[in-house]
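Residue 400 in UniProt numbering sits at position 400 of the sequence shown; the count goes up by one each step and never skips.
Using N, Cα and C, we set each Cβ at its ideal position, and we do this for glycine too.
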Amino acid sequence: MIDLSQQQREIIEAPLKPMAVTACAGSGKTSTAVRRLAAMRKRLDDRHGHMALLSFSNVAVDTFNKDYNALLQEEAGDRRMRGIEIATVDAFITSNIIRPHGHLAMGCNRTPFLVHGSEPFLTSFTVWDGKRRQPTTELQINPKEGVGLQFEVGQAKTVVDRKAANQAIKKLAQVGAYSHALGSLWALQVLRTQPLISRALVRRYPHILVDEAQDIGMLHQLILMALQGVGAQISLIGDVNQGIYEFSGATGAFLEGYADRDGVEGRMLETNFRSVPSIVTIANKLSGRDDKPERTEPETLSGAYYFAYKKEEKDNVLKSFAALLGEAGIAVSDAAVLCRSAKWADDWGGGEEEQGQGVLRKFVSAAIQRDKFGCFDDAFKHCCAGVVGLLDDDHGDVLSDLVRGGGDVRSSQMLRRKLWTFVKDATSGLPSASLVAGTAWQPTLLARMGVLLDTLSVDHGLEARGNWKAKLARRKIFNRPLIQAADLGGEDLPKFRVSTVHKVKGESIKGVMYICNRSHLDELLGGTTTEVGKIGYVALTRARDLFVLGVPATNMGEFAPKLDALGFKKAGAS
Ligand SMILES: Nc1ncnc2c1ncn2[C@@H]1O[C@H](COP(=O)(O)OP(=O)(O)OP(=O)(O)O)[C@@H](O)[C@H]1O
1 MIDLSQQQRE IIEAPLKPMA VTACAGSGKT STAVRRLAAM RKRLDDRHGH
51 MALLSFSNVA VDTFNKDYNA LLQEEAGDRR MRGIEIATVD AFITSNIIRP
101 HGHLAMGCNR TPFLVHGSEP FLTSFTVWDG KRRQPTTELQ INPKEGVGLQ
151 FEVGQAKTVV DRKAANQAIK KLAQVGAYSH ALGSLWALQV LRTQPLISRA
201 LVRRYPHILV DEAQDIGMLH QLILMALQGV GAQISLIGDV NQGIYEFSGA
251 TGAFLEGYAD RDGVEGRMLE TNFRSVPSIV TIANKLSGRD DKPERTEPET
301 LSGAYYFAYK KEEKDNVLKS FAALLGEAGI AVSDAAVLCR SAKWADDWGG
351 GEEEQGQGVL RKFVSAAIQR DKFGCFDDAF KHCCAGVVGL LDDDHGDVLS
401 DLVRGGGDVR SSQMLRRKLW TFVKDATSGL PSASLVAGTA WQPTLLARMG
451 VLLDTLSVDH GLEARGNWKA KLARRKIFNR PLIQAADLGG EDLPKFRVST
501 VHKVKGESIK GVMYICNRSH LDELLGGTTT EVGKIGYVAL TRARDLFVLG
551 VPATNMGEFA PKLDALGFKK AGAS
């Protein structure tokens with residue numbers, strides 16, 4: 001049981017009214033939010049009202065659930081503790097608004113379903129962007145002040161004619177399908193046009209607490225404000241310096257300005273319980289904050305270091321990091337190598353040249369996720385997308401049901417079990433990624449897929465499309481294994497967890513190495529004013545004991561003095 005700080009206690013025990021909590025990294029937002037949730041639930045006299053605690057990732061939701069259950073154990077016997085809901089913002093919107101009520105706005109006569117973009121039936125759902133047709137599912141919505149909703153598509157964010165976008169969106173909605181971005185739009189539409197439903201929702205969830213509130217994008221903000229408009233009390237907790245989803249429209253502005261709204265109380269969490277003082281000092285300089293470290297510097301090596309690296313000598317870099325971890329008494333399994341982009345993370349994790357195309361690529365990804373990273377969840381998702389890509393167009397909603405476990409519960413559970421068995425079993429299901437792709441992996445997949453598709457047809461009425469074999473043809477498949485032997489272990493290299501910074505958000509990690517290029521470093525040193533600067537800040541503040549910055553050898557002369565001035569130490573210097 002933790003000893004709560006004064007600031008944490010005051011937030012937890014504050015009266016039932018909207019609150020904006022601005023917190024620093026490692027300030028115990030999780031413990032505070034969970035305890036606030038429990039305290040609010042106890043105070044709520046409406047027996048039918050639920051408290052909702054929402055966040056943005058499944059990892060955060062799992063952590064909240066675990067902590068809340070632990071709290072329940074401590075306070076056993078209190079029945080009122082049960083009326084709570086912990087979910088991702090998207091899951092909350094999906095289960096409470098889109099699935100039960102979305103049809104009213106979408107004009108379909110079925111329960112709406114989420115599409116991921118790879119479903120074959122989507123080929124006839126496109127939108128004209130002025131030059132070419134683009135998949136409707138690629139439309140992004142950018143609410144602009146004074147303009148209203150702006151529809152954009154592609155990496156270049158090409159603005160799509162509003163009438164064309166609306167027509168395409170409606171056509172997709174009429175079959176009951178929505179993409180991730182469009183789901184929020186439909187939810188907002190339901191709230192704006194169905195006052196009875198909005199009011200019923202607020203009766204059920206009179207108080208909503210949103211964690212990681214810096215990640216609230218404009219559409220989510222509009223949804224929360226629509227609920228507030230009919231009486232919901234919305235509280236936010238987050239850290240604007242960790243707003244690393246600006247590219248998707250989450251600027252942190254909502255959290256930043258929330259305390260200034262009428263009736264909202266502003267609070268702060270300013271103690272960092274995670275990192276050693278030397279790391280907190282640098283984090284303060286980067287963010288312009290004055291947070292207090294709670295920990296003391298340990299006896300062993302700790303703090304923030306930098307060293308030069310050459311991209312061609314990755315193995316040496318990893319060995320040097322392992323040596324520093326050794327001095328700090330940190331196991332390799334308690335450390336991580338972090339990169340700015342997925343491409344870099346793949347490279348540093350021993351990336352493979354991609355094999356396979358289209359549907360076949362989904363199975364390649366599934367095999368790599370399972371055999372290289374041990375990520376069965378991701379393997380399952382890729383495999384489901386692959387199998388659905390081989391089915392007839394009529395089965396467009398199967399993927400959504402499979403991934404989120406909805407639909408006709410019994411048959412969907414049996415189907416999920418069958419696909420899980422296929423994914424898990426390399427001897428009779430998804431072939432091992434260590435097989436030579438061209439001569440062994442692809443032919444084996446083809447044969448086993450035939451058996452699986454027969455079973456899906458007989459047991460679940462799911463028919464394969466006529467040309468499914470062509471979809472698994474040997475396109476971009478080479479005569480080498482999908483993963484290299486080194487990935488299967490056996491080489492004398494430390495086996496690090498390699499990840500993007502985005503994927504470790506919210507975590508505490510004993511030892512972190514952040515590999516930068518020149519511009520990442522430049523922005524990191526520029527502080528938390530840019531998105532890449534914030535990404536650097538998140539990388540730094542994940543570290544509990546040791547943070548190592550990888551500086552390209554060619555840029556060392558330029559950056560060493562700046563890093564020294566910030567409080568970094570040169571690794572290896574006495
Ligand atoms: N009052 C406390 N006393 C001691 N440790 C605490 C206290 N509150 C939280 N902690 C610990 O601090 C660490 C960081 O907490 P947590 O992960 O909730 O931080 P956070 O605010 O979510 O950080 P971030 O936003 O950087 O992810 C955890 O190990 C947690 O157990």
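Remark: C-beta atoms of Glu212 and Gly238 approach each other more closely than 7 Å. In this structure, the alpha-carbon of Ala426 lies about 13 Å from that of Val364. A straight-line Cα-Cα distance of about 12 Å links Glu297 and Ala304.
Taking 6 Å as the cut-off, the C-beta of Ser27 counts as close to a heavy atom of ligand 1. Under the three-state reduction of DSSP output, Ser198 falls in the helix class. Per DSSP, Leu430 lies in no beta strand (DSSP E) segment and is marked neither H nor E.
Proximity of the beta carbon of Phe92 to ligand 1 is not indicated: no heavy atom of the ligand is located closer than 6 Å. Taken in chain order, the whole alpha helix (DSSP H) runs of length 4 or more contained in the segment 51-78 are 58-74.
Distance between Ile509 and Ser333, taken at the CA atoms: about 10 Å. For Phe380, same chain residues with a beta-carbon under 8 Å away, outside a window of 5 residues either side, are Ala366, Leu419, Trp420 and Val423 in chain order. Around the beta carbon of Gln155, fewer than 16 other beta carbons lie within 10 angstroms, which makes this residue exposed. Per DSSP, the unbroken beta strand (DSSP E) holding Asp545 starts and ends at Ala543 to Pro552. Taking 4 residues as the shortest admissible run, the segment 316-398 contains the following complete alpha helix (DSSP H) segments, listed from N- to C-terminal end: 342-348, 358-371 and 376-390. Only exposed fits Phe247, as fewer than 16 other CB atoms lie within 10 angstroms of its CB. In terms of CA proximity to Lys42, Pro15 leads the group Thr455, Asp161 and Pro15. Of the residues Val512, Ser499 and Pro552, the one whose Cα lies closest to the Cα of Arg518 is Pro552. Within the same chain, Cβ atoms closer than 6 Å to the Cβ of Ala20 are found at Leu236, Tyr258, Ala259, Val264 and Gly266, the five residues on either side in sequence being excluded. Rounded to the nearest angstrom, the Cβ distance from Ile84 to Leu53 is 7 Å, consistent with a contact under 8 Å. Judged by beta-carbon spacing, Ala336 lies within the 7 Å limit of Ser499, meaning their Cβ atoms are closer than that value. Look at Arg274: its beta carbon is less than 6 Å from one of the heavy atoms in ligand 1. Note: Lys570 is bridge-paired with Tyr306 in the DSSP secondary-structure output. Remark: the C-beta of Gly506 is in contact range of ligand 1, defined as less than 6 Å to any heavy atom.
Ile330 places its beta carbon 7 Å or farther from that of Gly146. Note that the segment 169-185 touches the segment 123-142; at least 3 beta-carbon pairs, one per stretch, sit closer than 8 Å.
Approximately 6 Å separates the beta-carbon atoms of Asn272 and Ser27; this is inside 8 Å, confirming the contact. Taking Val359 as reference, the option from Glu299, Asn467 and Arg497 with the minimal CA-CA separation is Asn467. In the three-state DSSP reduction, Gly533 falls in the helix class (H, G or I). Leaving aside the five residues that flank Phe547 on each side, the residues in its chain whose CB is nearer than 6 Å to its CB run, in chain order, Ile279, Ala304, Val512 and Leu540. When Cβ pairs closer than 8 Å are counted between the two stretches, the segment 211-231 is seen to touch the segment 50-64, the count reaching three or more.
Exclusion of Ser302 from the 6 Å shell around ligand 1 follows from its C-beta lying no nearer than that to any non-hydrogen atom of the ligand. The segment 108-122 makes no contact with the segment 61-77: fewer than 3 CB pairs, one atom from each, lie closer than 8 Å. Contact between the segment 182-202 and the segment 86-100 is present, with at least three C-beta pairs closer than 8 Å. The C-beta of Gln413 has fewer than 16 other C-beta atoms within 10 Å across all chains shown, which makes the residue exposed. In this structure Met449 does not touch Leu435 by the C-beta definition: roughly 15 Å separates them, more than the 8 Å allowed. Residue environment: Ser400 is assigned as buried (16 or more neighbouring CB atoms within 10 Å of its CB, all protein chains considered).
In the DSSP assignment, Arg99 forms no beta bridge with any residue.
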